[in-house]
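Each remark here refers to the structure printed beneath this line.
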Amino acid sequence: MKVRLNKRTIDEASYEPPGACYLWDTELASFGVRIYPTGRKSFVVNYWSRGRRRFFTLGTYGRMTLHQAREAALEVFLRVHRGEDPAGDRRAANDAPTVADLAERHLKEHAAIKKKARSAERDGRAWERCILPHLGKRKVADVTRADVAKLVTGMAETPAMANKVFSLLSKAFNLAEIWGWRPEGSNPCRHVGRYKEEGRERYLSENELARLGEVLAEAERSWGTTPQAVAAVRLLILTGCRSSEILTLRWEDVDFERRCLHLPDGKTGKRTVLLNAGALQVLEGLERVEGNPHVIPGNRPGSHFATLQPFWDRVRKAADIKDVRVHDLRHTYASIGINTGQNLAVIGKLLGHSKILTTQRYAHLADDPLRRANEEIGATLAATLTGKPSVATRDASPTCPPDDPRGHAPASTGSRFPDTSCSRHSNSGRSSSPIVKSPVL
Numbered sequence: 493m494k495v496r497l498n499k500r501t502i503d504e505a506s507y508e509p510p511g512a513c514y515l516w517d518t519e520l521a522s523f524g525v526r527i528y529p530t531g532r533k534s535f536v537v538n539y540w541s542r543g544r545r546r547f548f549t550l551g552t553y554g555r556m557t558l559h560q561a562r563e564a565a566l567e568v569f570l571r572v573h574r575g576e577d578p579a580g581d582r583r584a585a586n587d588a589p590t591v592a593d594l595a596e597r598h599l600k601e602h603a604a605i606k607k608k609a610r611s612a613e614r615d616g617r618a619w620e621r622c623i624l625p626h627l628g629k630r631k632v633a634d635v636t637r638a639d640v641a642k643l644v645t646g647m648a649e650t651p652a653m654a655n656k657v658f659s660l661l662s663k664a665f666n667l668a669e670i671w672g673w674r675p676e677g678s679n680p681c682r683h684v685g686r687y688k689e690e691g692r693e694r695y696l697s698e699n700e701l702a703r704l705g706e707v708l709a710e711a712e713r714s715w716g717t718t719p720q721a722v723a724a725v726r727l728l729i730l731t732g733c734r735s736s737e738i739l740t741l742r743w744e745d746v747d748f749e750r751r752c753l754h755l756p757d758g759k760t761g762k763r764t765v766l767l768n769a770g771a772l773q774v775l776e777g778l779e780r781v782e783g784n785p786h787v788i789p790g791n792r793p794g795s796h797f798a799t800l801q802p803f804w805d806r807v808r809k810a811a812d813i814k815d816v817r818v819h820d821l822r823h824t825y826a827s828i829g830i831n832t833g834q835n836l837a838v839i840g841k842l843l844g845h846s847k848i849l850t851t852q853r854y855a856h857l858a859d860d861p862l863r864r865a866n867e868e869i870g871a872t873l874a875a876t877l878t879g880k881p882s883v884a885t886r887d888a889s890p891t892c893p894p895d896d897p898r899g900h901a902p903a904s905t906g907s908r909f910p911d912t913s914c915s916r917h918s919n920s921g922r923s924s925s926p927i928v929k930s931p932v933l
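Numbering-wise (this note's numbering), the sequence shown opens with residue 493 and increments by one.
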């Protein structure tokens with residue numbers, strides 16, 4: 493029906509079945525009002541695009557005035573004249589993927605294929621807990637740099653997690669460009685800064701390791717805990733492996749003859765872990781559970797130990813090393829290696845690092861032997877200058893007399909553990925002077 497649209501004609505109009513009911517304006521062609529069975533009325537325009545008739549809703553009558561609707565209609569007609577398809581564009585925008593869609597596709601087509609299962613699970617948790625509650629309903633194409641900055645800023649109290657979420661988002665938006673969900677070069681993570689993370693370099697002193705050994709022995713004797721949990725901690729210390737590598741270890745991967753572990757799916761891929769005498773002794777002392785292929789079996793048939801955390805929480809409390817994480821046992825292995833004179837390349841190979849830069853975090857530990865030597869030299873020089881006997885400082889290691897009649901180089905009796913008096917080393921505030929030379933594990 494065609495009428496001159498004004499407030500009266502629109503107010504008096506009612507729905508007339510069947511089908512869609514329209515009032516078309518006699519003044520502005522293709523502009524009108526659609527009346528719904530519920531009585532709701534909307535301003536609309538219709539036009540032709542690519543041989544098809546299109547209807548475009550401008551707004552709801554009552555929320556939009558007739559004058560505003562006419563102005564909006566003229567803008568739509570101008571876009572059509574330029575060759576655009578406003579209705580098609582709106583439909584495409586409504587159907588455009590959201591960040592929730594991006595998360596689903598990222599996990600399915602990237603994380604599940606190119607990442608380890610545990611890493612993919614962590615990505616899933618990051619999406620679910622940190623990203624989707626804030627951006628899940630947003631269109632991928634509409635996410636801005638300000639949105640990303642706001643999300644990251646909101647995680648200021650957990651900078652390490654914030655950086656991981658940021659990296660995840662950055663990768664996902666790179667994929668969105670590849671999938672055609674965003675224009676090329678439009679990643680909203682660009683120029684959004686990361687948090688500076690303080691490197692955590694915690695490793696056990698000789699005293700702490702001795703206490704830990706005593707607690708493990710006590711746990712084995714009287715805690716009523718499974719011997720596998722104790723064995724797992726000992727293996728972590730003696731091999732420098734990651735906890736996931738020990739907890740998922742299978743007997744088929746243990747090569748007693750060649751004294752090594754063949755890890756088929758470590759964090760950095762397939763690798764071989766050499767076994768020292770202590771690690772071999774631990775493995776030889778474990779009983780195999782029939783029907784379970786795992787070295788550290790879990791409670792369910794065929795499963796492996798899920799997590800050491802509850803057991804470790806009890807152990808570190810008893811050993812008075814409450815700030816030490818399970819992963820710090822790996823740092824301890826590396827620190828002792830450095831202080832026994834091993835170079836970074838060797839330590840990196842033993843730890844299974846794929847990049848030497850990863851091992852570089854332990855480089856400063858090589859300063860400890862130098863520090864001891866420097867203290868000894870300084871004490872000797874000071875004594876000569878003052879004419880007083882040389883006094884060994886706390887950091888200095890005792891040495892043999894330089895005039896060894898056998899002509900041998902003096903053997904250092906210094907500790908093989910890092911000098912934890914250095915401010916770069918984290919400890920519990922106790923003296924690091926060795927008490928037990930051979931810690932019992």
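Quick reminder that beta carbons are idealized off the backbone N, C-alpha and C, glycines included.
Which of helix, strand or coil does DSSP assign to residue i?
{"i": "Met647", "result": "coil"}
{"i": "Gly551", "result": "strand"}
{"i": "Cys622", "result": "helix"}
{"i": "Ile527", "result": "strand"}
{"i": "Met451", "result": "With the chain running from 493 to 933 in the structure shown, residue 451 is simply not present."}
{"i": "Leu825", "result": "Looking at the sequence itself, residue 825 is Tyr, so the reference to Leu does not match. Residue state, collapsed to three classes: helix."}
{"i": "Thr590", "result": "strand"}
{"i": "Thr501", "result": "helix"}
{"i": "Pro789", "result": "strand"}
{"i": "Ser506", "result": "coil"}
{"i": "Arg545", "result": "strand"}
{"i": "Arg630", "result": "coil"}
{"i": "Phe797", "result": "coil"}
{"i": "Lys494", "result": "strand"}
{"i": "Arg686", "result": "coil"}
{"i": "Pro719", "result": "helix"}
{"i": "Lys607", "result": "coil"}
{"i": "Val816", "result": "coil"}
{"i": "Asp577", "result": "coil"}
{"i": "Ala804", "result": "Contrary to the premise, residue 804 reads as Trp rather than Ala in this sequence. Three-state DSSP puts Trp804 in a helix."}
{"i": "Ala811", "result": "coil"}
{"i": "Gly732", "result": "coil"}
{"i": "Arg780", "result": "coil"}
{"i": "Thr518", "result": "coil"}
{"i": "Ser659", "result": "helix"}
To the nearest angstrom, how far is the alpha carbon of residue i from that of residue j?
{"i": "Thr590", "j": "Glu779", "result": "52 Å"}
{"i": "Asn679", "j": "Ala588", "result": "17 Å"}
{"i": "Ala609", "j": "Gly783", "result": "24 Å"}
{"i": "Ser735", "j": "Arg583", "result": "50 Å"}
{"i": "Gly580", "j": "Arg630", "result": "20 Å"}
{"i": "Trp673", "j": "Gly628", "result": "15 Å"}
{"i": "Arg822", "j": "Pro675", "result": "44 Å"}
{"i": "Pro793", "j": "Pro651", "result": "39 Å"}
{"i": "Phe569", "j": "Val537", "result": "9 Å"}
{"i": "Glu700", "j": "Thr636", "result": "50 Å"}
{"i": "Val722", "j": "Gly677", "result": "52 Å"}
{"i": "Arg686", "j": "Met653", "result": "11 Å"}
{"i": "Asp634", "j": "Glu669", "result": "13 Å"}
{"i": "Arg544", "j": "His573", "result": "15 Å"}
{"i": "Pro719", "j": "Arg763", "result": "27 Å"}
{"i": "His683", "j": "Ser662", "result": "11 Å"}
{"i": "Lys688", "j": "Val774", "result": "40 Å"}
Nearest CA to the CA of residue i: which residue from the options?
{"i": "Leu935", "options": "Ala618, Ala585, Gln773", "result": "Residue numbering for the chain in the displayed model covers 493 to 933; residue 935 lies beyond these limits and cannot be assessed."}
{"i": "Ala702", "options": "Arg817, Arg726, Pro675", "result": "Arg726"}
{"i": "Phe803", "options": "Glu706, Lys606, Trp715, Glu693", "result": "Trp715"}
{"i": "Tyr539", "options": "Pro675, Arg571, Ala724", "result": "Arg571"}
{"i": "Ala565", "options": "Glu601, Glu519, Lys629, Lys762", "result": "Glu519"}
{"i": "Glu563", "options": "Leu550, Arg574, His573", "result": "Leu550"}
{"i": "Ala811", "options": "Ala711, Gln773, Thr832, Leu873", "result": "Ala711"}
{"i": "Pro509", "options": "Pro756, Glu601, Gly531", "result": "Gly531"}
{"i": "Ala771", "options": "Gly732, Lys809, Glu744", "result": "Gly732"}
{"i": "Tyr825", "options": "Asp805, Glu693, Ala709, Phe748", "result": "Glu693"}
{"i": "Phe535", "options": "Ala561, Cys513, Ser541", "result": "Ala561"}
{"i": "Gly616", "options": "Ile605, Ala595, Lys606", "result": "Ala595"}
{"i": "Met936", "options": "Ile502, Phe547, Ala592", "result": "In the structure as shown, the chain starts at 493 and stops at 933, and residue 936 therefore has no counterpart that could be examined."}
{"i": "Arg806", "options": "Ala604, Leu728, Val781, Leu704", "result": "Leu704"}
{"i": "Tyr528", "options": "Trp671, Ala837, Tyr507, Ile869", "result": "Tyr507"}
{"i": "Glu601", "options": "Asp639, Thr552, Arg614, Leu667", "result": "Leu667"}
From the DSSP secondary-structure annotation, give me the bridge partner or partners of residue i.
{"i": "Asp747", "result": "Cys752"}
{"i": "Cys513", "result": "Ile527"}
{"i": "Met556", "result": "Tyr553"}
{"i": "Asn538", "result": "Phe547"}
{"i": "Lys533", "result": "Ile527"}
{"i": "Arg742", "result": "His786"}
Complete runs of the alpha helix (DSSP H) confined to the stretch 752 to 776 [at least 4 residues]
Segments of the alpha helix (DSSP H) lying fully in the stretch 752 to 776: 769 to 776.
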